[in-house]
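Novice:
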Amino acid sequence: MLRCLLIAALTALVAAVNAPANAADVPATVAPISGAPGAPSRADLAFEKQFGDEFLDAYWAMNPTDAIAAGYYKYADKLIVPDEKSRNEQLAFIERWRTRLLSIDPRSLSDANRADWAILDNQLAASRWDIVDLRTWQWDPSVYNVAEPFARLLSTEFAPLDERLRIFTRRLQHVPAYFDAARLYIDDPTIEHTQLAIEQNQGALQVFGEELQTKIDESTLSAGERRTLTQRADAARAAISGYVAWLQSTAAGLSSDKATSFRLGRARYEKKFFYEVQSGESAQALYARAVQEKTALHERMSMLADQLWPKYFPNVAPPAERLDKIGRLIAKLSEQHVSEQAFFGEIESLIAQLAKYVTERQLLTLDQDKPLKVRKLPPHQRGVALAGIDAPGPYDASAATWFNVMPLDEMPAERAASLLQEYNRWMLPILVIHEAIPGHYAQLVYANKSPSRIKALFGNSAMIEGWAVYGERMMLESGYGDDTAEMWLIYSKWLLRSVCNAILDYSVHVAGMNEQAANQLLVREAFQSAEEARAKWRRVQLTSVQLTSYFAGYAAIYDLREQLKREQPDRFELRRFNEQFLSYGNAPVRIIRELMLR
Ligand code: ZN
Numbered sequence: 000m001l002r003c004l005l006i007a008a009l010t011a012l013v014a015a016v017n018a019p020a021n022a023a024d025v026p027a028t029v030a031p032i033s034g035a036p037g038a039p040s041r042a043d044l045a046f047e048k049q050f051g052d053e054f055l056d057a058y059w060a061m062n063p064t065d066a067i068a069a070g071y072y073k074y075a076d077k078l079i080v081p082d083e084k085s086r087n088e089q090l091a092f093i094e095r096w097r098t099r100l101l102s103i104d105p106r107s108l109s110d111a112n113r114a115d116w117a118i119l120d121n122q123l124a125a126s127r128w129d130i131v132d133l134r135t136w137q138w139d140p141s142v143y144n145v146a147e148p149f150a151r152l153l154s155t156e157f158a159p160l161d162e163r164l165r166i167f168t169r170r171l172q173h174v175p176a177y178f179d180a181a182r183l184y185i186d187d188p189t190i191e192h193t194q195l196a197i198e199q200n201q202g203a204l205q206v207f208g209e210e211l212q213t214k215i216d217e218s219t220l221s222a223g224e225r226r227t228l229t230q231r232a233d234a235a236r237a238a239i240s241g242y243v244a245w246l247q248s249t250a251a252g253l254s255s256d257k258a259t260s261f262r263l264g265r266a267r268y269e270k271k272f273f274y275e276v277q278s279g280e281s282a283q284a285l286y287a288r289a290v291q292e293k294t295a296l297h298e299r300m301s302m303l304a305d306q307l308w309p310k311y312f313p314n315v316a317p318p319a320e321r322l323d324k325i326g327r328l329i330a331k332l333s334e335q336h337v338s339e340q341a342f343f344g345e346i347e348s349l350i351a352q353l354a355k356y357v358t359e360r361q362l363l364t365l366d367q368d369k370p371l372k373v374r375k376l377p378p379h380q381r382g383v384a385l386a387g388i389d390a391p392g393p394y395d396a397s398a399a400t401w402f403n404v405m406p407l408d409e410m411p412a413e414r415a416a417s418l419l420q421e422y423n424r425w426m427l428p429i430l431v432i433h434e435a436i437p438g439h440y441a442q443l444v445y446a447n448k449s450p451s452r453i454k455a456l457f458g459n460s461a462m463i464e465g466w467a468v469y470g471e472r473m474m475l476e477s478g479y480g481d482d483t484a485e486m487w488l489i490y491s492k493w494l495l496r497s498v499c500n501a502i503l504d505y506s507v508h509v510a511g512m513n514e515q516a517a518n519q520l521l522v523r524e525a526f527q528s529a530e531e532a533r534a535k536w537r538r539v540q541l542t543s544v545q546l547t548s549y550f551a552g553y554a555a556i557y558d559l560r561e562q563l564k565r566e567q568p569d570r571f572e573l574r575r576f577n578e579q580f581l582s583y584g585n586a587p588v589r590i591i592r593e594l595m596l597r
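In numbering that gives the first Met the number 0, the protein residues as written are 0 to 597.
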């Protein structure tokens, strides 16, 4: 089952931000002359032998759905029925590999392998915890959905169409058994995840309809093969529809006061935070810090607003309430933005400008050979996000890295206008800093220089998001945006979003915050639109911990930097810090910290 072994959101994110590491990129583990300095230790060789391709192939065999997402198609025709038997097999797999992992002493490994060791140790423990303790397979009906891998088999040209349709046919065989198991094991689901499962599985039907028929028509499959495929696709549609109907009747019987809560509660939240964030801090400590940061940001924003008020509202008295005053200034500044037509070109020129800036200011060395290409967001990926990096998965070496931008001229005018205000003259550069330079794009170019499939596949999302958020602050501190009060005010609003995401997530899952209070936090205290707040409320009900990763990673990276500055006042150099930090790939900040402080 997808989420049993991999934390799905994490993997999707990591897969999305990681560039290729094909076989040719991975250094051969050829032992240098014995005794030469830098020769890999015996432990290194043992680790690389077992936890290179051997582990991953075994892992993909256990998790063929995740393998398809990673671009590994060897087991693509296997659909695992999520029953007791397969969960026991997963647990046995975890035990087997953990035993092998623990037989290697991490202290005898090179830095790169030691980080991989720690990532695997955490990954295996987290997977076990998910199956045995968190038990999403029991209360979250949305984990049961077969559509995405089938859609990928149709749309990704990893093999000729006929061959892909044959894989598709074999994979279809167990879809009815898959949903039988889902119905058997779901027990006391949450109302929210049941609703989500109904919506998503209704959408899933599409994959087995017209799109499939078009592909069958294009193929040269025999009449017999077509018949089998069509029959199995019909059976799959019936199984999905049956599941949806069953969920609908289940949902009708759920009452909001008796159903399982979507809230994780303190103990499970702390544990999940421990496995996913790995910042070396507890969730509770991070929450306390976020609350403090919010207060500090409000104070700073109020001072900036006082400075700016006479310039933008001459001869008008500011509102008595601090938050009103800040909100009005942000709204005023948001009127300054590029036109709809200029938006795309502005992002292209910002990328070039930021590359030049970080180079001239010696903040980070950029790889000139890996240019980032800007394009319109492909239609099937359009949804909420305005812009983002789209990098190929670890098994897809040759593909380009794209900066996807939502074409504003193809959106409803009202929505486009509100996005232009949000990504105004000061906010748009921060967005590009976060997504591209020195944020996600620059980070993944560095990550690829320490080629490790383990880090690419199981990398830490708090490190990845934290780096992008840290990068914003580092740029402003270096004088980017000319140190103006406008730039700092809009930046503060952006940072407030990460801070309030962390506050919201903890408050909702641990302290029982309701929608009204959440709305107060997001709209009133973080200056977000009603629409953004609504979407966030939905997200916090359906996910947990993920929303804290931005602030958690940022705080941990910032602390590490400040500590090194204090400890090495004469030797500290920002560029060296940045480059060394990035050189460990997507490892958790806790591990990078250990390696850098050693
Ligand atoms: Zn990000």
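The C-beta atom is built at its ideal place from N, Cα and C for all residues, glycine as well.
#1: Under 7 Å from any heavy atom of ligand 1, does the C-beta of His173 make it?
#2: Quick check: the region 332-346 against the region 416-432, are there 3 or more CB pairs under 8 Å?
#3: Could one say the Cβ of Ile325 lies closer than 8 Å to chain C's Cβ atoms, at least one of them?
#4: In three-state DSSP terms, what is Ile185?
#5: By Cβ distance below 7 Å, which residues in the same chain neighbour Leu385 in space, the five residues on each side in sequence not counted?
#6: Going along the chain, which residues of its own chain have a beta-carbon closer than 8 Å to the beta-carbon of Ser606, five neighbours each way excluded?
#7: What's the call for Ala586, buried or exposed, on a 16-neighbour Cβ count within 10 Å?
#8: Residues bridged to Arg374 by DSSP?
#9: So who's on the other strand from Gly387, going by DSSP bridges?
#10: Just mark Ser528 as buried or exposed, buried being the case when its beta carbon has 16 or more other beta carbons within 10 Å.
#11: What did DSSP end up calling Thr135 once you bin it into helix, strand or coil?
#12: Helix, strand or coil for Thr259? Go by DSSP, reduced to three states.
#13: On the criterion of 16 or more Cβ atoms from any shown chain inside 10 Å, does Ala30 qualify as buried, or is it exposed?
#14: Here's the rule: buried if 16 or more other CB atoms are within 10 angstroms of the residue's CB, otherwise exposed. What is Ala22?
#15: Please return the same chain residues whose Cβ sits closer than 6 Å to the Cβ of Pro377, not counting the five positions on each side in sequence.
#16: Taking Cβ to Cβ, would you say Leu494 is nearer than 8 Å to Leu296?
#17: Would DSSP call Trp487 helix, strand or coil?
#18: Take Arg452 as the anchor and find which of Gly70, Pro39, Thr64 and Ser40 has the nearest alpha-carbon.
#19: In whole angstroms, what is the alpha-carbon distance linking Arg165 and Ala237?
#20: Is there at least one non-hydrogen atom of ligand 1 closer than 7 Å to the beta-carbon of His433?
#21: Using 10 angstroms around the beta-carbon of Pro26, count the other beta-carbons present and answer buried if the total reaches 16, otherwise exposed.
#22: Work out the CA separation of Glu47 and Ser255 for me, nearest whole Å.
#23: What residues in its chain sit with their C-beta under 6 Å from that of Phe457, if we drop five residues either side in the sequence?
#24: So for Glu275, helix, strand or coil by DSSP?
#25: Alpha carbon to alpha carbon, how far is Leu594 from Ser107?
#26: Given that a residue counts as buried once 16 or more other Cβ atoms are within 10 Å of its Cβ, and exposed if not, what is Met473?
#27: Identify whether Ser154 lies in helix, strand or coil by the three-state DSSP scheme.
#28: Leaving aside the five residues before and after Trp401 along the sequence, list all residues of the same chain whose C-beta is less than 6 Å from its C-beta, in chain order.
#29: At the level of alpha carbons, what is the spacing between Gln579 and Ala57?
#30: Tell me where the alpha helix (DSSP H) around His336 begins and ends.
#31: Under 7 Å from any heavy atom of ligand 1, does the C-beta of Glu566 make it?
#32: Please classify Thr168 as buried or exposed, where buried requires at least 16 neighbouring CB atoms within 10 angstroms.
#33: Taking the continuous alpha helix (DSSP H) assigned at Ala600, which residues delimit it?
#34: Starting from the Cα of Ser141, find the closest Cα among Leu101, Val243 and Asn403 and give me that residue.
#35: On the criterion of 16 or more Cβ atoms from any shown chain inside 10 Å, does Met302 qualify as buried, or is it exposed?
Specialist: Considering the structure as presented:
#1: Here residue 173 refers to the residue found at position 174 of the sequence shown. No, ligand 1 has no heavy atom inside 7 Å of this Cβ.
#2: Contact holds: three or more Cβ-Cβ distances are below 8 Å.
#3: Here chain C cannot be found, since the structure has a single protein chain.
#4: Counted from its first residue, the sequence shown places residue 185 at position 186. Reduced to three states, the DSSP call for Ile185 is coil.
#5: Numbered from 1 along the sequence shown, position 386 holds the residue referred to as residue 385. By the criterion of a C-beta distance shorter than 7 Å, Leu385 is surrounded in its chain by Met405, Leu418 and Tyr422, once the five residues flanking it on both sides are discounted.
#6: The shown model of the chain, from 0 to 597, leaves out residue 606, and the question about it has no answer.
#7: Taking the sequence shown and counting its residues from 1, the one referred to as residue 586 is at position 587. With 16 or more other Cβ atoms inside 10 Å of its own Cβ, Ala586 counts as buried.
#8: Translated into positions along the sequence shown, residue 374 becomes position 375. Answer by DSSP bridge pairing, in chain order: Asn403.
#9: Along the sequence shown, one-based indexing puts residue 387 at 388. Looking at the DSSP output, Gly387 bridges to Asn403.
#10: Here residue 528 refers to the residue found at position 529 of the sequence shown. With fewer than 16 other Cβ atoms within 10 Å, it is exposed.
#11: Residue numbering aside, residue 135 sits at position 136 when the sequence shown is read from its first letter. Thr135 falls in the helix class under three-state DSSP.
#12: Residue numbering aside, residue 259 sits at position 260 when the sequence shown is read from its first letter. Of the three classes helix, strand and coil, the one that applies to Thr259 here is strand, per DSSP.
#13: In the sequence shown, residue 30 corresponds to position 31, counting from 1. Note on Ala30: pLDDT 32, under 50, position unreliable in the model; no value is reported.
#14: Residue numbering aside, residue 22 sits at position 23 when the sequence shown is read from its first letter. The predicted model places Ala22 with a pLDDT of 30, which falls under 50 and marks its position as unreliable, so this point remains unresolved.
#15: Position 378 of the sequence shown holds residue 377. Here the set comprises nothing.
#16: Within the sequence shown, the letter at position 495 stands for residue 494. Within the sequence shown, the letter at position 297 stands for residue 296. It is a contact, given that the beta carbons lie within the stated cut-off.
#17: The sequence position of residue 487 within the sequence shown is 488, counting from 1. Of the three classes helix, strand and coil, the one that applies to Trp487 here is helix, per DSSP.
#18: Here residue 452 corresponds to residue number 453 of the sequence shown, with the count starting at 1. Ranking the options by Cα distance to Arg452, first place goes to Gly70.
#19: In the sequence shown, residue 165 corresponds to position 166, counting from 1. In the sequence shown, residue 237 corresponds to position 238, counting from 1. Arg165 and Ala237 have their C-alpha atoms spaced approximately 20 Å apart.
#20: Against the sequence shown, residue 433 aligns to sequence position 434. Taking non-hydrogen atoms of ligand 1 into account, the C-beta of His433 is found less than 7 Å away from one of them.
#21: In the sequence shown, residue 26 corresponds to position 27, counting from 1. With a pLDDT of 32 at Pro26, under the threshold of 50, the predicted position of this residue should be treated as unreliable, and no value is reported.
#22: The residue labelled residue 255 in the question sits at position 256 within the sequence shown. The residue labelled residue 47 in the question sits at position 48 within the sequence shown. For Ser255 and Glu47, the distance between alpha carbons rounds to 51 Å.
#23: Walking along the sequence shown from the start, residue 457 turns up at place 458. Shown here for Phe457: same chain residues with a beta carbon closer than 6 Å to its own, the five before and five after excluded, namely Ile118 and Gln122 in chain order.
#24: The residue labelled residue 275 in the question sits at position 276 within the sequence shown. In this structure, Glu275 counts as helix in the three-state DSSP scheme.
#25: Within the sequence shown, the letter at position 595 stands for residue 594. Within the sequence shown, the letter at position 108 stands for residue 107. Cα-Cα distance, rounded: 13 Å.
#26: Locating residue 473 in the sequence shown gives position 474, where the first residue counts as 1. So Met473 ends up on the buried side.
#27: Locating residue 154 in the sequence shown gives position 155, counting from the first residue. Residue state for Ser154 is assigned as helix, using DSSP reduced to three classes.
#28: Counted from its first residue, the sequence shown places residue 401 at position 402. Hits under 6 Å: Lys372, Arg374 and Asp389.
#29: As a working mapping, residue 579 is identified with position 580 in the sequence shown. As a working mapping, residue 57 is identified with position 58 in the sequence shown. Distance between the alpha carbons of Gln579 and Ala57: 32 Å.
#30: The residue given as residue 336 occupies position 337 in the sequence shown. First-last for His336: undefined, no H or E at that position.
#31: For the purposes of this step, residue 566 is identified with residue 567 of the sequence shown, where counting begins at 1. No - ligand 1 has no heavy atom lying nearer than 7 Å to the Cβ of Glu566.
#32: Looking up residue 168 in the sequence shown gives position 169. Counting Cβ neighbours within 10 Å, Thr168 comes out buried, since at least 16 surround it.
#33: A question about residue 600 goes unanswered here, because the residues of the chain that appear run from 0 up to 597.
#34: The sequence position of residue 141 within the sequence shown is 142, counting from 1. When C-alpha distances from Ser141 are compared across Leu101, Val243 and Asn403, the shortest belongs to Val243.
#35: Translated into the one-based positions of the sequence shown, residue 302 becomes position 303. In the assembly as shown, Met302 is an exposed residue. Its beta-carbon has fewer than 16 other beta-carbons within 10 Å.
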